[in-house]
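To start, the structure itself, in structure tokens.
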Amino acid sequence: MTSLLEVEGLVKHFVAARSVFGRPTAHVKAVDGVSFTVEAGKTLALVGESGCGKSTVSRLVLRLIEPDAGTVRFEGRDLGALNANELRAFRRDAQIIFQDPYASLNPRMTVSQILSEPLALHDLVPAKRRRERVGELLRLVGLEPRFARRYPHEFSGGQRQRIAIARALAVEPKLIICDEPVSALDVSIRSQILNLLRDLQDRLGLAYIFVSHDLAVVKHIADRVAVMNLGGIVETAQADALFAAPRHPYSRALLSAIPVPKPQAKRSRIVLEGEMPSALHPPSGCRFHTRCPYVIARCRTEVPPLLADGTGHATACHRTAELPASESIVPADGDFSPVLEKLVAAFSGGTEGAGRAGVDLSRTRPIDRG
Amino acid sequence: MTAGPLIEIEKLRVVFHGDDGRTTHAVDSVDLSVANGATLGLVGESGCGKSVTSLAIMGLLSKRSAEVSGSIRFDGFDLLDVPDDTLRDLRGNRLAMIFQEPMTSLNPSFTIGDQIIETILRHRGGSRRQARERAIELLRRVHIPSPDKRIDEYPHKLSGGMRQRVMIAMALACDPRLLIADEPTTALDVTLQAQILDLMRELKAASGAAIILITHDLGVVAEVCDEVAVMYAGEIVERAPVDELFANPQHPYTVGLLGSIPRLDRRASHLATIEGMVPNMANPPPGCRFAARCPFVVDPCTAAPPPLAIVSPGHASRCIRAPLERLVS
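Going down the list, the sequences are from chains A and B.
When the letters of the first sequence are read in order and numbered with UniProt numbering, they come out as residues 1 to 370.
When the letters of the second sequence are read in order and numbered with UniProt numbering, they come out as residues 1 to 329.
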């Protein structure tokens with residue numbers, strides 16, 4: 001069985017500077033040979049620091065920008081070969097939610113217009129039934145249908161993100177790319193959106209590509225994680241395996257630096273020496289070698305391939321086998337005391353996420369996709 | 001070095017008068033103190049008044065629209081009662097602030113070097129050349145690559161994270177006694193965040209400066225703070241040493257916050273959520289401001305405003321149901 005999404009050797013170089021005659025003189029190698037797969041109904045998290053290329057990958061996957069090389073296959077079909085009509089059809093299957101719910105909703109459109117537009121564009125629901133469908137979508141994300149007549153400015157950040165999610169759900173996609181969907185939200189709102197995303201995944205069988213720099217959130221939501229550094233994937237593994245024992249020196253540094261809500265947490269933080277190299281002039285060989293504490297001569301010249309072991313845990317490092325054990329790298333934040341556990345439980349009862357917000361999901365009947 | 005706190009805030013109250021005649025009680029009788037070399041975390045969500053508190057300390061609230069009362073004693077001054085000239089000498093010098101939005105807090109029409117050098121020249125004097133060297137050194141300290149080149153760039157050429165580092169460099173320019181950092185690492189990546197937090201600790205250790213760290217990130221609080229004050233709807237609802245707050249929170253709001261963040265060692269399919277909305281601060285409810293969202297609410301909660309009462313030495317909670325452990329045993 002093929003995966004829902006298969007990305008193979010994706011490359012995107014942006015022109016950073018041009019000569020006076022318009023010839024490119026410098027390129028940013030934003031994405032340089034990225035491959036991964038996403039299974040239906042599962043969550044792949046792309047993590048890495050600013051500029052590592054994770055957002056570019058998410059846009060390439062949707063063909064919002066064109067790759068320089070590589071293929072993206074969705075349900076076995078090569079997206080690069082799609083014509084305009086087929087591409088539009090693909091847009092029904094894959095949607096995106098952006099980080100900033102203040103910027104991603106048109107302030108001049110009512111919620112009803114925002115949610116009706118995809119329905120009209122893809123001709124999914126007859127005009128007469130659209131209002132009803134908008135109400136269903138709002139209920140699906142835990143908002144009241146009467147909000148349909150309001151404008152985005154009348155909502156809080158968390159509510160706006162719910163509207164953005166509803167808009168993505170309007171076309172009944174199979175894949176949603178969540179590009180830092182909760183980074184701009186307050187913690188208590190963030191937990192509501194994370195719960196909602198999880199409920200929707202369970203109910204609707206959605207696959208997510210979850211782009212985030214917040215590793216605790218990634219641990220919570222992801223099935224599989226791909227760690228990116230300077231345009232390439234350095235490590236990919238099941239989330240549990242990665243957080244239990246990261247292998248690549250960059251993943252080790254990244255995970256060791258997670259701030260955890262436990263004062264005096266036992267931690268062995270790996271501080272990266274040197275400066276983050278520019279994507280304009282990435283280092284030769286392994287792109288992490290300038291900051292790697294385990295660097296050897298070979299790393300400077302030879303690009304390490306991303307090699308998987310038997311369990312699907314892949315690492316792009318020449319020294320994977322020789323590195324010290326990494327079990328205690330990720331800081332421990334412990335669990336709650338029994339008393340605190342019970343107190344916290346009082347906040348989880350009854351009304352949470354879409355399913356428990358008095359929303360009957362069975363009422364949102366699927367559209368006949370004939 | 002003087003004994004006692006470096007900064008002591010008493011009964012701080014900020015009321016905004018809108019043009020439409022409405023008043024908003026953004027901050028209500030806030031008492032805080034920070035000792036030399038200590039770090040106080042001010043935690044809360046959007047609109048809880050934590051940023052307004054910091055703006056009041058810096059004297060940055062417009063006198064026309066904001067009515068500030070109470071007292072803020074810093075280094076022998078009452079900041080609410082000093083001439084503007086004195087305040088200008090203190091700001092950027094002994095009293096520095098890092099803002100939340102690196103995008104809007106740098107002037108787009110000057111190079112970052114110009115902006116850092118301006119601060120140094122204003123408070124320290126000396127030659128422009130020396131100031132430039134110090135600016136380059138500061139940029140290096142906040143891990144800006146090629147600082148000698150970057151110093152001549154304009155803010156739009158830098159990434160968001162980079163701009164925040166420039167802001168931090170600027171705040172550190174005159175070795176402040178008190179650094180107010182309003183969400184300083186929110187825009188930064190984890191490894192960089194760790195570096196910046198280390199940097200703030202370094203600064204604190206080297207200079208004995210105090211830090212007020214305003215954040216919504218409890219992980220960051222646990223990392224760097226000595227004491228924590230949790231704010232909700234303009235009030236401090238809980239104040240405790242950092243270990244105590246995380247192990248034994250005594251206000252339901254703090255409990256809700258702790259439960260709503262994903263933890264690495266915890267396998268929960270769903271996170272805790274705090275349902276409902278923050279009360280409208282134009283017309284705050286008569287009793288406890290958290291009552292409408294609190295799972296432990298009882299009738300007396302809504303009758304009268306609860307006081308910030310001591311639960312155990314050094315630990316205060318604005319909840320009449322504290323200690324909370326008796327509610328679940």
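Virtual Cβ for every residue (Gly too), placed ideally from N, Cα, C.
Quantities reported herein were computed from a predicted structural model and do not represent experimental measurements.
Where residue i meets chain B, residues with beta-carbon distance less than 8 Å
i, result
"residue 194/A", "262, 271"
"residue 254/A", "190, 191"
"residue 150/A", "Under the 8 Å cutoff, chain B gives no residues; its nearest Cβ is about 15 Å from residue 150/A."
"residue 216/A", "219, 261, 262, 263, 264"
Nearest-angstrom Cα separation, counted from residue j out to residue i
i, j, result
"residue 67/A", "residue 53/A", "13 Å"
"residue 68/B", "residue 29/B", "11 Å"
"residue 140/A", "residue 167/A", "11 Å"
"residue 252/A", "residue 297/A", "21 Å"
"residue 221/A", "residue 277/B", "25 Å"
"residue 281/A", "residue 198/B", "28 Å"
"residue 237/A", "residue 34/A", "15 Å"
"residue 32/A", "residue 103/A", "29 Å"
"residue 253/B", "residue 301/A", "54 Å"
"residue 13/A", "residue 26/A", "10 Å"
"residue 293/B", "residue 219/A", "28 Å"
"residue 295/A", "residue 106/B", "38 Å"
"residue 260/B", "residue 11/A", "38 Å"
"residue 366/A", "residue 205/A", "Here the model assigns residue 366/A a pLDDT of 44, short of 50, so the residue's position is not dependable and the matter cannot be decided."
"residue 248/B", "residue 305/B", "23 Å"
"residue 52/B", "residue 217/B", "18 Å"
"residue 241/A", "residue 313/A", "8 Å"
"residue 21/A", "residue 28/A", "19 Å"
"residue 361/A", "residue 193/A", "Unreliable placement is indicated for residue 361/A, whose pLDDT of 39 sits below 50; the coordinate value is still reported in the next sentence. C-alpha separation (whole angstroms): 17 Å."
"residue 276/A", "residue 82/B", "44 Å"
Option in the options with minimal Cα separation from residue i
i, options, result
"residue 271/A", "254/A, 345/A, 161/A", "254/A"
"residue 345/A", "250/B, 295/B, 290/B", "295/B"
"residue 215/B", "45/B, 24/B, 97/B", "45/B"
"residue 39/A", "3/A, 48/A, 45/A", "3/A"
"residue 134/A", "153/A, 154/A, 165/A", "165/A"
"residue 97/B", "145/B, 226/B, 176/B", "176/B"
"residue 87/A", "11/A, 116/A, 122/A, 200/A", "122/A"
"residue 96/A", "9/A, 228/A, 211/A", "211/A"
"residue 198/A", "153/A, 29/A, 41/A, 318/A", "41/A"
"residue 263/B", "50/A, 161/A, 55/A, 216/A", "216/A"
"residue 318/B", "297/B, 74/B, 116/B", "297/B"
Amino acids of chain B, ordered along the chain, whose beta-carbon sits closer than 7 Å to that of residue i
i, result
"residue 335/A", "265, 266"
"residue 220/A", "262"
"residue 276/A", "145"
"residue 262/A", "222, 246"
"residue 269/A", "194"
Contacts that residue i makes with chain B (C-beta to C-beta distance below 9 Å)
i, result
"residue 200/A", "In chain order: nothing, as chain B lies at least about 13 Å away."
"residue 258/A", "190, 194, 219, 264"
"residue 228/A", "By Cβ distance, chain B contributes nothing, its closest Cβ being about 12 Å from residue 228/A, past 9 Å."
"residue 58/A", "Per Cβ cutoff of 9 Å: no residues; residue 58/A is ~17 Å from chain B at best."
N-terminal and C-terminal residue of the alpha helix (DSSP H) that residue i is part of
i, result
"residue 238/A", "Residue 238/A -> not in any alpha helix (DSSP H); beta strand (DSSP E) instead, spanning 232–238."
"residue 123/B", "112–124"
"residue 342/A", "338–345"
"residue 67/B", "Here residue 67/B belongs to no alpha helix (DSSP H); instead the beta strand (DSSP E) covers 66–74."
"residue 95/A", "First-last for residue 95/A: 94–97, but that is the beta strand (DSSP E), not the alpha helix (DSSP H)."
"residue 193/A", "187–204"
"residue 250/A", "249–256"
Extent of the continuous beta strand (DSSP E) run through residue i
i, result
"residue 104/B", "Here residue 104/B belongs to no beta strand (DSSP E), and DSSP marks it neither H nor E."
"residue 232/B", "227–232"
"residue 331/B", "Residue 331/B lies beyond the residue range present for chain B, which begins at 1 and ends at 329; the question has no answer from this structure."
"residue 317/B", "315–317"
Proximal residues of chain A, C-beta to C-beta of residue i below 7 Å
i, result
"residue 256/B", "188, 347"
"residue 324/B", "343"
"residue 159/B", "50, 51"
"residue 216/B", "186, 187"
"residue 328/B", "339, 342, 343"
"residue 27/B", "By Cβ distance, chain A contributes nothing, its closest Cβ being about 18 Å from residue 27/B, past 7 Å."
Residue i: CB within 7 Å of a non-hydrogen atom of the ligand COA
i, result
"residue 232/B", "Because no ligand of any kind appears in the structure shown, any question about the ligand COA cannot be addressed here."
Nearest-angstrom Cβ-Cβ length linking residue i and residue j, presumed shorter than 8 Å
i, j, result
"residue 331/A", "residue 265/A", "5 Å"
"residue 138/B", "residue 169/B", "4 Å"
"residue 112/A", "residue 129/A", "About 13 Å separates the two Cβ atoms, so there is no contact after all."
"residue 316/A", "residue 233/A", "7 Å"
"residue 137/A", "residue 170/A", "6 Å"
Partners in chain A for residue i, counting only beta-carbon separations shorter than 8 Å
i, result
"residue 296/B", "346"
"residue 45/B", "186, 187, 188, 189"
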